[in-house]
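Data first, discussion second: the structure below is written as C-alpha cells.
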Amino acid sequence: MYPIISLSVTGLLTLFLGFSENKKIVFPASIAFLLIALATAFIDWNAPGFYFNDMLQVNNTSIVFWAILIISAILIMGFSEGFERFEFAQPAEYFAIVQFSLVGAIMMVSFKNLIMLFLGIEILSVAMYVLTGADKRNIRGNEAALKYFLMGAFATGILLFGMAMFYGATGTFNIGSGVFIGGDNSFFLWIGCTFMLIGMLFKVAAAPFHLWTPDVYEGAPTIFTAYMSTIVKTAGFVALFKVLSTTFSGLQDFWWIMIAVLVTLSLMIGNIGAVSQNSFKRLMAYSSISHAGFMLLALLGDHENALGSIMFYSVVYTLATISAFGVLMVVSKERIEKGRVYEQNDLFKGLAQNNGFLATVLIIAMLSLAGIPLTGGFWGKFFVFRDAASSGLFWVIIMAVLMSAIAIYYYFKPVLLSMSKKTSLESITINPLAKFIFAITTFGTIVLGIFPWILRSLF
Amino acid sequence: MISNLPQDFSPILVQFLLALGFVIFTIIITHVLGPRLKSKQKEDPFECGIESEGDARTPLSVRYFLIAILFVLFDVEIIFMYPWAVNFKSLGWFGFIEMLTFVAFLMAGFYYIVKKGVLDWERD
Amino acid sequence: MLIHLIILIPLAGALISLLAGKNNQSLSKNIALLGSLISLVVFIYAAIQHQAGNTELLSLNKPWLPEMNLALKFSVDGISLLLIALSQVLIPLIILSTSKIEYHKSHLLYALILVTQSALVGVFSAKDIFLFYFFFEAALVPAYFIALNWGNKESSKASFKMFIYTIFGSLIMLVALVFLYSKGQTADMDALISTAEFMPSGVQRALFWAFLLAFAIKMPLFPMHTWQPDAYTTSPTPATMLLSGLLSKMGVYGLIRIALPLSPWAAEHYSVIVIGMAVIGLIYGSIIAIKQDSIKRLIAYSSFAHMGLMAAGVFSGNIEGLQGAVFQMLAHGVNAVGLFFVAKIIFERTGSRSLSSLGGLNKTAPALSIFFMIILLGSVALPLTNGFVGEFLMLKGLFEKHQLLGIIAGLSIILGAVYMLRLFQKTMFGESNELTESVEDVSGIEKLTLAIISGLVILMGVFPNVLLKVSEPASEALLNLLAKI
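Protein chains in written order, with our numbering: chain V, 1 to 459; chain D, 1001 to 1124; chain G, 2001 to 2485.
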C-alpha cells in the first residue's frame, strides 16, 4: 500500500524538482525516491490485509512483485545517467511519469476489485503512451505513440466492456471464488471473460493482439522500450493470472482452449516474425511476443505453480532484456546516422574485439532469452513447460520446443555479429553506473541459471 | 436484487435496433428525396459571403488546446466537490480532510502549470 | 564425496585462468593444465576407492529444487567411470596440444575447455534426468564458443549449424523428459527406470524416437550427420578434438543411460531399424572417407563411421556388443584426438591439409610418422591396438543379433584400412615437395603428447581386460534390465 502513496507524492515532488536550477539533481533524487518506495513496500511484509474498501489486497506475494517492478524500474532508469539526449530534454517530467506509471503497475498486481485493475491498467498505459512519444522530434516516435495510443484505447474500451458484462452477469466487481457461475447468465460471463482477456492480452503483446508491438518498440526511445517490455509485461501477466485463477477459474474449460490457441499463435508469429528482422529493436519486439506465448503456457497448468513460474520467467526475462537494451543504448549512442542513433543488428559487428565486457553481457543476455542452460532463461522455459505438461498439453509443448529452436537462430544473429573480426566502431565509453547495472543483470542471469531455487523458494 | 437474465437486456436490444434502423432510414431517405444540383458556387465553402482563400488546415497555436484541456481538467474536478457538498454533514471531519487533501493535490497541479508558464499567453 | 570436487576443480581452474592468465598464454595454459590434472588425480584416487568397493566417494545426493523433487544426484557405475576417465585424460592432452600456436584471448580458450570438462563429468555421472539434460546442454555451449571465436568465417557457419541441430534434438529430448517427469512426479533416473517397463507401448515409441533424435544428432548417426563433416573440418583443432573425442560420446552414453532403460520395449522393438541406420552410416561414411582430399575431412568421416558402429553395438542387445561399444568409445576418443592432433601438426608445419599436395613427411619427420602410424593402426583396428578389441566385440555382438547386418558391418574394417592407409601413404610416403621438404620433426611437448596418446593406444590394446572388467557389471545390469521386458 505504502509504495502507491509514496510514489504518488514523490512523483509530484519530482515534477517540482524540475524547476530547480540544478537539473542534475533530478536523476539521483528520482533513484532515491524509487528506493524509498522499495523500502516502504516491505512495511506490510508478513502483514497481509485489504485496503480501500477491500479493493486492494496486500500479501507477501504481491510485495515480491512490487519489489520486482520497482527494482526493474531502478535498473532501467539507471541507464539515463549522463544521457544528454533528446528524451531527457525534460528529465523531471519523464522521471515523474515513470513513478506514476509504477503506481499503476503496483495496482495491477494487487487489485481485488476490477475497478482497481482498470485504474491500474489505465495509469500504466497512459504513462506509456506519453513515454513512447518522449522524443518529440522523432517522427517515428510520434507515429509509434499515436499507434500505441489509438490501439491501446480500443483495447481499454474492450476491457471495460468485458468488465461491464461481468458486472451484469454477477452483480459485483470483486474477484474471488465466491462468484456465481453458470445458469442463465453464463453467456454474459463468457463475453465478459473473452473481452477482458482481449484487453489484457493486448497489454502483454500476445498474438493476435500484437500488431502494435514492433512499431512501438522501434519508435520509442530505447530506454522506454526496455521499460515497456519488462514492467508492463510483468504487471500484465500477474493481472491476467489473478483474473483467470480466481474469478474465471470456474470457466477454465472455456478459456483454456482459447489460451492454448493464443500460445501457439504467439509463438509462431513471434518467432517466425523475428527471423527476418534487421532492426535489433524489432527483433526484440517479436521476441517479446514469443515470450508472451511462453508465459501464457504457465497459465495452462495448475494454478498452484503458475504464479511462481510467471514470477521466475518475468524476472529472468527482465534481467536479460535490460542487458540487451542496455547494450543497445550504450553502443548505439556511439554511432549517429542522420541525426539518429543507429539501431540495426549490424551495430554489434565486432563488438567482442572492441569491448569484451559489453559483448559478454550481450551474449549472456541472448543465451538467456534463447533458453540455453547455465542461464536463467533455461529454467524459466523449463518451469512453464513443466506447468503445461501437468495439464497434458503436449502438442503445445512440442510446438513451443520447435519454436525455441527457431528462436536460437535469431538470438544468435547479434551474437555471431559481435564475434566477427571486423569492427565498425571506435572505442565505446560506458559510465560506471551502467557498468554496475550490467554486472547485476548478467550476474543475476547466471546465478539464476545455476541456483534457480533462490527465487522459486519465495513461493 | 439485480435482475440479470438475458431477457432483461432485451429493451437495450430493441433500442439498439431502433437507433440503427433510424440511421439507415434517414441516410437512404435523404438520398431518395433530396434534390441534386451541382455547381461551382454550391461546392464552395461558404463563410458570410466572403470569398474563401487558403487552406482549411491552418495551424493553430497549441496554446488553445492546452487551455481547452486544462479547462476540462479543472472543471471536471467539480464532480467531486458537488457530492461532497451535498453530504457534507454526514461525512464530517473525515470528509473535510479528504477534500483538503484532494484540493492540495489539485493546487499542486495548478502551481505546476503556472510555473511551467502554460497560462502565460504572451510567452514565446 | 569427491564427485562434486571433480566437477568443481576444473571450474575453479577456469575462473583462475580467466582472471590471472589474461594476455599470457603460457600462464593461462599452465593454470588450466594444473586444474585438469588435479581433477584427474582426485578422480584416480576416487576411482581406485570406488573399484575397491567404496562407492560413496563418487556419489552425491543433495536437494536441488526440493519442492519440485529435483536433486543434485550423482552416482557412478562402471560405464560412467570409464567415460569420466576418458574425459579426465583427454582434456589435459587437448590442453597440451594447443601449446605451439598463439591464440588470441587464450585465457578464455582454456577457461572454456575446462568448463567443458566439468560439464562432461556432470553428464557422465548425473542420476537426475534434468541434471543430465542440464550438463548435456552445458557441455555444448563452451565447445560452440571455441569454434566460433577461434575459427574462421566458415567455421562460424558450420558450428552454428551444429548448434542449431543439436539444440533442436535436445529440446525434443527435453519434451520427453518433461513428460516422464510429469507422469512419474520424480526426476530420479533409477526410480524412472524401475517404472519404465510399465509404460504403454505407444508412449514408449514416442519417447524412444525423441531420445534417439537427440542422441543421434549428437553422435552423429546417419541420417542426422550432415552438420558433422563441416563442423569438424572448419572448427579450430581444440574444438574439433572436444567434439569428436568427447562430446560425441555423450550421444552414445545417452543411448545407454537414457534411451535403452527408459523406453526398453521400444528400444528392443526398433533395434534392427537403428542398427540398419547405423550400418548404412558406417558404410557410407567409410566410402566417402576414401574419396576425401582434406585430412581433417577424412578423419571426420571416419569418425562418423565409427560412431555408427558404436550405435549398432549398443543396440545389438548382448554383452559383447554393449561392452564393445563402451570400449570403443574410449578407444575412439583417444584415437580421434590423436589423429586430429597429427592433422594439426601437419597443417602447422606445411600450411596444407590437402592429401594431394603432401607427401614424403617420413623422411623429414620420422618421429611424427611413427606416432602417426601407431595411432592410425589403432584406428584401423589392428590386433594389439585399442581399436581392435572394441570393433571385434561389437562385430561379434552384431553378428549374433543380425547376421546380414553383421556381415555388412564387417566390410567397414576393410574400408577403414583402405582410407586410413591411403591417408598415411599420401602424407608420409612418396616424394617430398617444397611444402614438405623443410618440415621440422615433432619435439618437446608435442612429442610428449603424442607419446602419451600412442602409449594409450598400445596399452589399451594389450590389456583391454583391465577396462572391460570395470564396465562389465554395469553392462550386465543393463542387459538384465532389458531382458525382463
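Beta carbons: idealized from backbone N, C-alpha and C, even for Gly.
Problem - Given A2331/G as reference, the closest of E2391/G, L2361/G, A2176/G once Cα atoms are compared - result: E2391/G
Practice task
Taking the CB atoms as reference points, tell me whether G141/V and G49/V lie closer together than 8 Å.
Solution key: no
Handout entry: Within 8 Å, strictly: CB atoms of A2158/G and T2240/G
Key = no
Handout entry: Partner residues on chain D for F461/V, Cβ-Cβ distance less than 9 Å
Key = Since the first residue shown for chain V is 1 and the last is 459, residue 461/V is missing from the structure and cannot be characterised.
Practice task
Determine contact between the region 343 to 363 of chain V and the region 323 to 332 of chain V, defined as no fewer than three beta-carbon pairs at a distance below 8 Å.
Solution key: yes
Handout entry: Reduced DSSP secondary structure (H/G/I, E/B, other) of D2128/G
Key = strand
Practice task
Take L150/V and list the residues in its own chain whose beta-carbon comes closer than 8 Å to its own, dropping the five residues that flank it on each side.
Solution key: none
Exercise for the section: Output the distance between the C-alpha atoms of A2451/G and T442/V, rounded to the nearest integer angstrom. Expected result: 43 Å
Exercise for the section: Determine the closest residue to I70/V out of S101/V, F412/V, M268/V, A359/V, with distance taken between C-alpha atoms. Expected result: S101/V
Handout entry: Cβ contact check for the region 2207 to 2214 of chain G and the region 2118 to 2126 of chain G: 3 or more pairs under 8 Å
Key = no
Practice task
List the residues of chain V that A1108/D touches, going by C-beta distances under 9 Å, in chain order.
Solution key: L12, L15, F16
Practice task
Have a look at R340/V, I231/V, V401/V and flag the residue whose alpha-carbon is nearest the alpha-carbon of M268/V.
Solution key: V401/V
Handout entry: Enclosing beta strand (DSSP E) for L2247/G [first to last residue]
Key = Taken as a continuous stretch (DSSP letters only), L2247/G belongs to no beta strand (DSSP E), as it is neither H nor E.
Exercise for the section: Taking all protein chains shown into account, decide if Q2403/G is buried (16 or more other Cβ within 10 angstroms of its Cβ) or exposed. Expected result: exposed
Exercise for the section: Can you pull the chain G residues whose beta carbon is under 7 Å from the beta carbon of M55/V, in chain order? Expected result: In chain order: nothing, as chain G lies at least about 32 Å away.
Exercise for the section: Classify R335/V as helix, strand or coil using the three-state DSSP reduction. Expected result: coil
Handout entry: the region 191 to 206 of chain V in contact with the region 249 to 258 of chain V per 3-pair CB rule at 8 Å
Key = yes
Exercise for the section: With 8 Å as the C-beta to C-beta threshold (strictly closer), list the residues of the region 145 to 167 of chain V near chain D in chain order. Expected result: none
Exercise for the section: Run down chain D in chain order and give the residues with a C-beta less than 9 Å from the C-beta of F19/V. Expected result: Y1112, K1115, K1116
Handout entry: Backbone secondary structure at Y1111/D - three-state DSSP
Key = helix
Practice task
Give the straight-line distance between the Cα atoms of K2022/G and A2111/G, rounded to the nearest whole angstrom.
Solution key: 11 Å
Problem - Residue closest to S314/V, alpha-carbon to alpha-carbon, out of A439/V, A298/V, F325/V - result: A298/V
Practice task
For the region 2129 to 2151 of chain G, enumerate the residues whose C-beta is nearer than 9 Å to any C-beta of chain V, in chain order.
Solution key: F2130, Y2133, F2134, F2135, F2136, E2137, A2138, L2140, V2141, F2145, L2148, N2149
Practice task
May I have the straight-line CA-CA distance separating F86/V from F173/V, to the nearest angstrom?
Solution key: With a pLDDT of 47 at F86/V, under the threshold of 50, the predicted position of this residue should be treated as unreliable, though the coordinate-derived value follows. Their Cα atoms are separated by approximately 43 Å.
Exercise for the section: Measure the C-alpha to C-alpha separation of V2076/G and S2303/G and round it to an integer number of angstroms. Expected result: 27 Å
Practice task
Identify which residue in A29/V, K242/V, I440/V has its Cα closest to the Cα of F95/V.
Solution key: A29/V
Exercise for the section: Name, please, each residue of chain V whose Cβ falls closer than 7 Å to the Cβ of L2171/G. Expected result: V401, S404, A405
Practice task
Return the CA-CA distance between G326/V and L2398/G, expressed in angstroms with no decimal places.
Solution key: 57 Å
Exercise for the section: Could you check what DSSP says for W2513/G in three-state terms: helix, strand or coil? Expected result: Because residue 2513/G is not part of the residues shown, which for chain G are 2001 to 2485, the question remains open.
Problem - For S2087/G, three-class secondary structure by DSSP - result: helix
Problem - F2463/G: first and last residue of the uninterrupted alpha helix (DSSP H) it sits in - result: From DSSP, F2463/G is part of no alpha helix (DSSP H); its letter is neither H nor E.
Handout entry: Pick from V2042/G, I2003/G, K2105/G, S2059/G that is closest to L2019/G, judged by C-alpha positions
Key = K2105/G
Handout entry: For L2384/G and L2034/G, the rounded distance between their alpha carbons
Key = 32 Å
Problem - Same chain, Cβ closer than 8 Å to W198/V, five either side skipped, listed in chain order - result: Sequence inspection shows Ile at residue 198/V; the Trp mentioned does not correspond to that position. Correct list, in chain order: A155, I158, L159, G162, F209.
Problem - Boundaries of the beta strand (DSSP E) in which G49/V is found, first to last residue - result: 49 to 51
Exercise for the section: Check whether the Cβ of F394/V lies closer than 8 Å to any Cβ atom in chain G. Expected result: yes
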